[in-house]
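Residue numbers (numbering that gives the first Met the number 0): 0 to 327. By construction, the Cβ of each residue, glycine as well, lies at the ideal position given by its N, Cα and C atoms. These figures come from a predicted structure and were not determined experimentally. Below: one structure, written as structure tokens.
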Amino acid sequence: MLYGIEKLNLANLPTPIEKLEKVSFCLNKNVYIKRDDYTGFEFSGNKIRKLEFSVNEALKKGANHLITCGAMQSNHARATAVVAAKIGLGCTLILKGNERDEVDGNYFLDKLFGAEVVFVSADDYAFRRNEIMENTKEELRKKGLKPYIIPEGASNGIGSLGYINCFEEILIQEKELGIDFDAIVVAVGSGGTYTGLYLGNQLHKSNKEIIGFNVSSTAEHFINRVSELVDETLSLLQGDFKVSKEHINIIDGYVGRGYAISRVEELEFIEKIAQNEGFLLDPVYSGKAFYGLFNEIQNGKLNSFNNILFVHTGGQFGIFPKRSLFEL
Ligand SMILES: Cc1ncc(COP(=O)(O)O)c(C=O)c1O
């Protein structure tokens, strides 16, 4: 229960916080990682925290079928397929791409977990995905099902609650570990994860800097999007909260060649981290964001922060479709 809103208990929580000794030494900072890639549900990462709230809402409304959307290799779509299978719901995924593109990674898992996949073109996805999901909902309703739509990335008010919950978990862990994090850093893909952390920080008057690295589009786009999501999320909470939107801090410059497209330097960084710190970054989200954080610190841009917590949001299956790009 969070501010009067119920959730399902699906994730393995709390997720651990670990110090990255070699990265910390190299950057002369204390850099920690919160292993939200360990939330469980077949490696569902940050998505499962959001789905704990979204799927609870779906069940409360009597739904027996989930509809959502994403890119061909969407972690959110795959996580939704896994949750649907576990709880015994049907699942339809509207994916950008076509069957001949890639059969590896998340798309393979979508099918393995029994989701129905409907492919749409890049243009339809960009401009009509919500309309397509509504049409799918109507078709399923005519067949006697009770469908519920979860928006892209579960990044709406209800999904963002998952990361207010995560923020509260971090506050408890700070006390246990005797550390005061002055910055929390995360990848930004559709904005819900950042929004939850940002709101948690404000609701608890914590004074931490919440830093996002956008992995698509622009920082400006996401500052606006997070601002909308803050309002939407706040409208769900019981209580009268005053929230400032002045500190939405999203750092641009690390999208590279585009969403889910990797540069050589990003892949080399993932390899270096794997071999020196023994954990796996994904190439689409945490790989780009952690590369961004590392570079910003190295370039002296984050000098005022000493205890930095990077939230690893999962997505490691995304590495497999890229295996041929690694020079190993
Ligand atoms: C693995 C992973 N990390 C981070 C993100 C970004 O989270 P959000 O969409 O809430 O901004 C996503 C999804 O977009 C994701 O799949």
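#1: Would residue 359 pass as a contact of residue 105 if the rule is Cβ separation under 8 Å?
#2: Pop quiz: residue 74 and residue 314 are said to be a contact at Cβ under 8 Å. What is the actual Cβ separation, rounded to whole angstroms?
#3: If you draw a straight line from the C-alpha of residue 304 to the C-alpha of residue 181, how long is it?
#4: Under the rule that 16 or more other beta-carbon atoms within 10 Å means buried, what is residue 320, buried or exposed?
#5: For residue 122, count neighbouring Cβ atoms within 10 angstroms of its own Cβ and tell me buried if that reaches 16, exposed if not.
#6: Residue 62 by DSSP, collapsed to three states: which one?
#7: Less than 7 Å separating the Cβ of residue 64 from some heavy atom of ligand 1?
#8: Within this structure, are the beta carbons of residue 234 and residue 156 separated by less than 8 Å?
#9: Could you check what DSSP says for residue 246 in three-state terms: helix, strand or coil?
#10: Hey, how far is the Cα of residue 13 from the Cα of residue 79?
#11: Assuming residue 75 is part of the alpha helix (DSSP H), what are its boundary residues?
#12: Tell me the residue span of the alpha helix (DSSP H) that contains residue 271.
#13: Smallest Cα separation from residue 250: which of 230, 301, 262, 272?
#14: Could you tell me whether the segment 240-250 touches the segment 270-279, where touching means 3 or more Cβ pairs closer than 8 Å?
#15: When you compare only the Cα positions, how much space is there between residue 141 and residue 19?
#16: Residue 119 lies in the beta strand (DSSP E); which residues open and close that run?
#17: Please report the straight-line C-alpha distance between residue 296 and residue 225, rounded to a whole angstrom.
#18: When you compare each of 33, 9, 21 to residue 176 by their alpha carbons, which one comes out closest?
#19: Skipping 5 residues on each side, what residues in its chain have a beta carbon closer than 6 Å to that of residue 280?
#20: How should residue 146 be labelled, buried or exposed, when 16 other C-beta atoms within 10 angstroms of its C-beta is the threshold for buried?
#21: What is the rounded straight-line gap between the Cα of residue 120 and the Cα of residue 149?
#22: Compute every distance between the C-beta of residue 154 and the non-hydrogen atoms of ligand 1, then say whether any falls below 7 Å.
#23: Looking at the strands, I want to know which residues DSSP matches up with residue 95.
#24: Straight-line CA distance for residue 167 to residue 200?
#25: Return the chain-ordered list of same chain residues with a C-beta closer than 7 Å to the C-beta of residue 195, the five sequence neighbours on each side being excluded.
#26: Report the rounded CA-to-CA distance for residue 134 versus residue 22, giving the unit in angstroms.
#27: Identify which residue in 184, 125, 89 has its Cα closest to the Cα of residue 95.
On the basis of the data shown:
#1: For residue 359 there is no data in the structure shown, the boundaries of the chain being 0 and 327.
#2: That pair is a contact at about 5 Å.
#3: For residue 304 and residue 181, the distance between alpha carbons rounds to 6 Å.
#4: Counting Cβ neighbours within 10 Å, residue 320 comes out buried, since at least 16 surround it.
#5: Residue 122 should be labelled exposed.
#6: Coil at residue 62, not helix or strand.
#7: No - ligand 1 has no heavy atom lying nearer than 7 Å to the Cβ of residue 64.
#8: Pairing residue 234 with residue 156 gives a Cβ-Cβ distance under 8 Å.
#9: In the structure shown, residue 246 sits in coil (DSSP, three-state: anything other than H, G, I, E or B).
#10: Looking at the two C-alpha atoms, the distance is approximately 21 Å.
#11: Its alpha helix (DSSP H) spans residues 74-86.
#12: Boundaries of the alpha helix (DSSP H) harbouring residue 271: 263-276, taken from the DSSP string.
#13: Nearest neighbour of residue 250 by Cα position, chosen from 230, 301, 262, 272, turns out to be 301.
#14: No, they do not touch.
#15: Approximately 53 Å between the Cα atoms of the pair.
#16: Counting along the chain, the beta strand (DSSP E) containing residue 119 begins and ends at 115-119.
#17: Distance between the alpha carbons of residue 296 and residue 225: 24 Å.
#18: Nearest option by C-alpha distance: 33.
#19: 269, 272, 286, 289.
#20: Classification for residue 146: buried.
#21: Taking the straight line joining both Cα atoms gives about 20 Å.
#22: Yes; taking the cut-off as 7 Å, the Cβ of residue 154 has a heavy atom of ligand 1 nearer than that.
#23: Beta-bridge pairing links residue 95 to 70, 119.
#24: Distance between the alpha carbons of residue 167 and residue 200: 9 Å.
#25: Exclusion of the five residues before and after residue 195 leaves 159, 160, 161, 162, 163, 165, 166 as the residues of its chain whose Cβ lies within less than 7 Å of its Cβ.
#26: Spanning the two alpha carbons is a distance of roughly 48 Å.
#27: Of the listed residues, the one whose Cα sits closest to residue 95 is 125.
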